[in-house]
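Residue numbers (the numbering used here), protein chains in the order written: chain A, 1 to 169; chain B, 170 to 474.
Heads up, the beta-carbon is just placed ideally off N, CA and C, and yes, glycines get one too.
If you want it as structure tokens, here you go:
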């Protein structure tokens, strides 16, 4: 089934179900729905804040620059790609990759302020120390903890081939 | 099982059976129809866990396996319910499994009652860490040094306990080798369970800090240094400093309750990140790293809240 192409709209910062905290020049975002945390570097944070759904990419870069974060259009587009992947902006459709993008990425990587660092937040069991062996073998193989087994931490509670339950391997 | 061969401790077996304050589900309904005969109420860090069983003889063993800071309490509403269907003795002709449930979810099914106790102890400790009221549990080792805390977050098998033991050997005060218990202002409280040191990857005996000649902390401490130190053979401790935002992310990866209480967790971690220096890197042998960490902590100026 062919889906209709999205109509490109100016980028809009997503705010629903998010907890946002500013720490100095960085912004921490916690997505309550997807249980993902994001840390936006200073420039990325300025660009995200400038996404009001009315400004095009160039205008977003300009607005971010007025707020003290000196970024140009290509750098803003790169950050918007990352924010889009993190599901922190909607409406933005990136332009097709151009041959200079690799060089741009290299430049951007050098500028830490453009970073959008994301991670999935752990469940209580994932953040715990280990999984007892007896509990591991009772887990269905789709829910293996992947943690070290308490009795023998060199082994991990993982899926065992096609078996229906996990095991310490 | 009815022989009561585990322990001789006396525990009241006539308390009303625990139940849980959640809407019943078909699975829980089915479990509720089992012939429960005794129960115990466990209270720790503001939350209550009910444990019920089909055989009162196992209650003393359950009480002996309660986690640090937990104690039995009078009957009250419970936040979480654990159920143990007691099986048969290994030498009986008809063998029945021991089955342990958390809510309606099966945690373990085994013929070995000691395995049930291990899983039960681990589960209750984790449940308390997740549901604690007004406290945030981070998976981390903690020691005190000259009025400030050094926190070493990290996953299991990353060498937290051995680094904590090396720090104690250099005169630090013991707070925990498993959880950093933070209050809402970001100060760390003691969680002084016995250290679980490993010998060639296998879990050894639990060793009380006093056996290592260390003092155990009693008062809350502000966090001065957070060291994300992973053990890597042959490495030397050459860490890089993390920005406050990245420090919160690193701490968050070790937080037990982030999914249950994200706003409060982030606020507490922010307090820690603002007041402390966070370093990340790989480390070599524990004694050399411990000495460098203590030197670093001494050089960090105190932050006034």
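Give me the Cβ distance between residue 344 of chain B and residue 361 of chain B, rounded to the nearest whole Å; I'm assuming they're in contact under 8 Å.
Within the second chain, numbered from 1, the residue matching residue 344 of chain B stands at position 175. Within the second chain, numbered from 1, the residue matching residue 361 of chain B stands at position 192. About 7 Å separates the Cβ atoms of residue 344 of chain B and residue 361 of chain B, confirming a contact at the 8 Å cut-off.
Residue 279 of chain B: contacting residues in chain A (beta-carbon distance under 7 Å)
As a position in the second chain, residue 279 of chain B is number 110, starting the count at 1. Here the neighbours are 134.
Would you say residue 93 of chain A lies against chain B (beta-carbon separation less than 7 Å)?
Taking the first chain and counting its residues from 1, the one referred to as residue 93 of chain A is at position 93. No, residue 93 of chain A lies away from the interface with chain B (no Cβ there is under 7 Å from its Cβ).
In terms of alpha-carbon separation, which member of B/273, B/238, B/260 and B/257 lies closest to residue 221 of chain B?
Residue numbering aside, residue 221 of chain B sits at position 52 when the second chain is read from its first letter. If we check each option's Cα against that of residue 221 of chain B, B/273 comes out closest.
Whose C-beta lies closer than 6 Å to the C-beta of residue 314 of chain B among residues of the same chain, with five residues either side of it excluded?
Position 145 of the second chain holds residue 314 of chain B. Contacts found: 341, 463 and 466.
Identity of the residue in A/127, A/120, A/149 and A/80 nearest residue 9 of chain A by Cα
Taking the first residue of the first chain as 1, we reach residue 9 of chain A at position 9. Closest option to residue 9 of chain A, Cα to Cα, is A/80.
Kindly indicate which three-state DSSP category residue 246 of chain B falls into: helix, strand or coil?
Taking the second chain and counting its residues from 1, one reaches residue 246 of chain B at position 77. Looking at residue 246 of chain B - three-state DSSP - the assignment turns out to be coil, as it is neither helix nor strand.
Select from B/237, B/209 and B/198 the residue whose C-alpha is nearest the C-alpha of residue 224 of chain B.
For the purposes of this step, residue 224 of chain B is taken as residue 55 along the second chain, with counting starting at 1. Of the candidates B/237, B/209 and B/198, the one whose C-alpha sits nearest the C-alpha of residue 224 of chain B is B/209.
By alpha-carbon positions, which one of B/363, B/240 and B/249 ends up nearest to residue 296 of chain B?
For the purposes of this step, residue 296 of chain B is identified with residue 127 of the second chain, where counting begins at 1. Ranking the options by Cα distance to residue 296 of chain B, first place goes to B/249.
Please classify residue 260 of chain B as buried or exposed, where buried requires at least 16 other C-beta atoms within 10 Å of its C-beta.
Within the second chain, residue 260 of chain B is the residue found at index 91, counting from 1. Flag for residue 260 of chain B reads exposed.
Measuring only the C-alpha atoms, how far is residue 52 of chain A from residue 11 of chain A?
By 1-based counting over the first chain, the position of residue 52 of chain A is 52. By 1-based counting over the first chain, the position of residue 11 of chain A is 11. Spanning the two alpha carbons is a distance of roughly 7 Å.
What first and last residue would you give for the beta strand (DSSP E) that runs through residue 398 of chain B?
As a working note, residue 398 of chain B is residue 229 in the second chain. Counting along the chain, the beta strand (DSSP E) containing residue 398 of chain B begins and ends at 392-400.
Under 7 Å, Cβ to Cβ, is there at least one residue of chain A near residue 439 of chain B?
Taking the first residue of the second chain as position 1, residue 439 of chain B is located at position 270. Chain A contact via Cβ: present.
Contact set for residue 411 of chain B: own chain, Cβ-Cβ below 8 Å, skip 5 residues either direction
Position 242 of the second chain, counted from the first residue, corresponds to residue 411 of chain B. Same-chain partners within the cutoff: 397, 419, 447, 448 and 449.
Validate contact between the region 126-135 of chain A and the region 150-166 of chain A using beta carbons, cut 8 Å, 3 pairs
Touching, yes, given that three or more Cβ pairs across the two stretches are closer than 8 Å.
Cutting at 8 Å between CB atoms, please list the residues of its own chain near residue 401 of chain B, excluding the five before and the five after it.
Position 232 of the second chain holds residue 401 of chain B. Closer than 8 Å at Cβ, skipping near neighbours: 451, 452 and 453.
For residue 3 of chain A and residue 46 of chain A, what's the separation of their Cα atoms in angstroms?
The residue you call residue 3 of chain A lines up with position 3 of the first chain. The residue you call residue 46 of chain A lines up with position 46 of the first chain. Low per-residue confidence applies at residue 3 of chain A: pLDDT is 47, beneath 50, and the placement is therefore not dependable enough to give any value.
Give a yes or no on whether the minimum CB-CB distance between residue 28 of chain A and chain B is below 7 Å.
Within the first chain, residue 28 of chain A is the residue found at index 28, counting from 1. Judged by the 7 Å Cβ criterion, residue 28 of chain A is in contact with chain B.
How is residue 159 of chain A classed by DSSP in three states: helix, strand or coil?
Against the first chain, residue 159 of chain A aligns to sequence position 159. Strand.
If we call anything under 7 Å between Cβ atoms a contact, is residue 264 of chain B one with residue 327 of chain B?
Numbered from 1 along the second chain, position 95 holds the residue referred to as residue 264 of chain B. Numbered from 1 along the second chain, position 158 holds the residue referred to as residue 327 of chain B. A distance of 7 Å or more separates the beta carbons of residue 264 of chain B and residue 327 of chain B.
Following the continuous beta strand (DSSP E) through residue 119 of chain A, name the residue where it begins and the one where it ends.
Looking up residue 119 of chain A in the first chain gives position 119. Its beta strand (DSSP E) spans residues 116-120.
Residues in its own chain within less than 7 Å of residue 186 of chain B by CB, not counting five upstream and five downstream?
What you label residue 186 of chain B is simply residue 17 of the second chain in a count that begins at 1. Here the set comprises 205, 208 and 221.
So is residue 22 of chain A buried or exposed if we call it buried at 16+ other beta carbons inside 10 Å?
As a first step, residue 22 of chain A must be located in the first chain, where it is residue number 22. Within a 10 Å sphere around the beta-carbon of residue 22 of chain A sit fewer than 16 other beta-carbons, which makes this residue exposed.
In chain B, what lies closer than 8 Å to residue 43 of chain A by C-beta?
As a position in the first chain, residue 43 of chain A is number 43, starting the count at 1. Proximity of chain B to residue 43 of chain A at the Cβ level (cut-off 8 Å) is not reached, the minimal Cβ distance being about 13 Å.
C-beta contact flag for residue 319 of chain B and residue 455 of chain B at 7 Å
Here residue 319 of chain B is taken as the residue at index 150 of the second chain, counted from 1. Here residue 455 of chain B is taken as the residue at index 286 of the second chain, counted from 1. Residue 319 of chain B is not a Cβ neighbour of residue 455 of chain B, given a cutoff of 7 Å.
Quick check: what's the CA-CA separation for residue 236 of chain A versus residue 230 of chain B?
Any answer about residue 236 of chain A is impossible in this case: the structure gives chain A only from 1 up to 169.
Name, please, each residue of chain A whose Cβ falls closer than 7 Å to the Cβ of residue 432 of chain B.
Residue numbering aside, residue 432 of chain B sits at position 263 when the second chain is read from its first letter. Those are 19, listed as they occur along chain A.
Excluding five sequence neighbours on each side, which residues of the same chain lie with their C-beta closer than 6 Å to the C-beta of residue 139 of chain A?
By one-based count along the first chain, residue 139 of chain A stands at place 139. Excluding residues within five positions, the ones whose Cβ falls inside 6 Å are 166.
Chain B contact residues for residue 163 of chain A, given Cβ-Cβ distances below 7 Å:
The count along the first chain starts at 1 and reaches residue 163 of chain A at position 163. In chain order: nothing, as chain B lies at least about 15 Å away.
Taking 8 Å as the limit between beta carbons, can you name the residues of its chain near residue 339 of chain B, skipping five residues before and five after?
On the second chain, position 170 is the one that residue 339 of chain B refers to. Counting only Cβ-Cβ distances below 8 Å, and skipping sequence neighbours, we find 456, 459, 460 and 463.
The region 401-413 of chain B: which residues have C-beta closer than 7 Å to a C-beta of chain A, in chain order?
412 and 413
When the Cβ atoms of the region 54-67 of chain A are set against those of the region 26-42 of chain A, are three or more pairs found closer than 8 Å?
no
Where does residue 18 of chain A fall in DSSP's three states?
For the purposes of this step, residue 18 of chain A is taken as the residue at position 18 of the first chain. Looking at residue 18 of chain A - three-state DSSP - the assignment turns out to be strand.
I'd like to know if residue 170 of chain B contacts chain A, where contact means its C-beta is closer than 7 Å to some C-beta of that chain.
In the second chain, counting from the first residue as 1, residue 170 of chain B sits at position 1. Caution is warranted here: a pLDDT of 45 is assigned to residue 170 of chain B, below 50, making its placement in the model unreliable, and the coordinate value is therefore given only provisionally. Not closer than 7 Å to any Cβ of chain A, the Cβ of residue 170 of chain B fails to qualify, so no.
Contact list for residue 167 of chain A against chain B, beta-carbon separation under 8 Å:
Counted from its first residue, the first chain places residue 167 of chain A at position 167. Within 8 Å Cβ-Cβ: nothing; residue 167 of chain A doesn't reach chain B, min ~13 Å.
Less than 7 Å separating the beta-carbons of residue 214 of chain B and residue 278 of chain B?
Within the second chain, residue 214 of chain B is the residue found at index 45, counting from 1. Within the second chain, residue 278 of chain B is the residue found at index 109, counting from 1. Judged by their CB atoms, residue 214 of chain B and residue 278 of chain B are not nearer to each other than the 7 Å cut-off.
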